[in-house]
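Chemist: In our numbering, the protein residues as written are 27 to 228. Right, I'll just put the structure down here and ask away after.
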Ligand code: TYD
């Protein structure tokens, strides 16, 4: 069964649509494992707490993202896929390229090495990129009461993150679908249904 990742800059609205997508897939008769990165396992959630709150070197940040991912694949993603279940992950490796390379400036060649090491060829079958202008996303995030290390970044950081996401979407058109989130919820859901329907085999 397919492995689907959801991506987008902070405030793009992906979390709003996650549960709806999971419900949609379940209605098609599948078993869906909903998970997230960084996180998804007890160790990964401990790493998430550090990554979102503790100041650290940018390389440490990138390495911990992939350490959490390694555990996530071994404990959750690979077993679920081999049981024939759907995996729906709130972020995956495109987030590392977007945030750590686009946002922080780490060379993509470094992450490509980690990607190969940790994933050994595993890639999502479908990546839905929720996209909206940074100014709109930023307004949504500003209302969060206790912003994490990423949410505290400035507009130019998110411009670079968004540009990298869009670059990857055009680099891997077979895997990516870009959904604009400055539309009504109904319009977004009908786009999502059109994207998901062919995968469900119904
Ligand atoms: P996010 O997915 O936005 O969760 P929430 O909606 O609960 O805030 O938070 C995860 C943060 O981690 C997000 O700001 C992006 C960042 N991140 C990276 O920088 N690199 C990665 O590889 C991943 C998976 C996430």
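In this text, a Cβ means the ideal position worked out from N, Cα and C, and glycines have one as well.
Pick out every residue whose C-beta is nearer than 6 Å to a heavy atom of the ligand TYD: which are they, in chain order?
Modeler: Residues with a Cβ closer than 6 Å to any heavy atom of the ligand TYD, in chain order: 36, 41, 63, 64, 91, 116, 117, 121, 122, 125, 126, 176.
Chemist: Can the beta-carbon of residue 195 be found closer than 7 Å to that of residue 155?
Modeler: In contact: residue 195 and residue 155 (Cβ atoms closer than 7 Å).
Chemist: Could you tell me if residue 139 is buried or exposed, where buried requires 16 or more neighbouring beta carbons within 10 angstroms of its beta carbon?
Modeler: Exposed, by the Cβ-count rule.
Chemist: Taking C-beta to C-beta, are residue 70 and residue 112 nearer than 7 Å?
Modeler: No, the pair does not count as a contact, with Cβ atoms beyond the cut-off.
Chemist: If you compare alpha carbons, which of 216, 94, 106, 100 is closest to residue 117?
Modeler: Among 216, 94, 106, 100, the Cα nearest to that of residue 117 is on 94.
Chemist: Mapping the DSSP letters down to three states, classify residue 85 as helix, strand or coil.
Modeler: Of the three classes helix, strand and coil, the one that applies to residue 85 here is helix, per DSSP.
Chemist: Under three-state DSSP, which class holds residue 234?
Modeler: Outside the displayed range of the chain (27 to 228) lies residue 234, so it cannot be described from this structure.
Chemist: I'd like to check one pair, residue 190 with residue 124: are the Cβ atoms closer than 7 Å?
Modeler: Yes, these two residues count as a Cβ contact at 7 Å.
Chemist: Given that a residue counts as buried once 16 or more other Cβ atoms are within 10 Å of its Cβ, and exposed if not, what is residue 83?
Modeler: Burial call: exposed.
Chemist: Output the distance between the C-alpha atoms of residue 166 and residue 105, rounded to the nearest integer angstrom.
Modeler: Answer to the nearest angstrom: the Cα atoms are 36 Å apart.
Chemist: Would you check if there are 3 or more beta carbon pairs closer than 8 Å linking the segment 171-183 to the segment 47-64?
Modeler: No, the segment 171-183 is not in contact with the segment 47-64.
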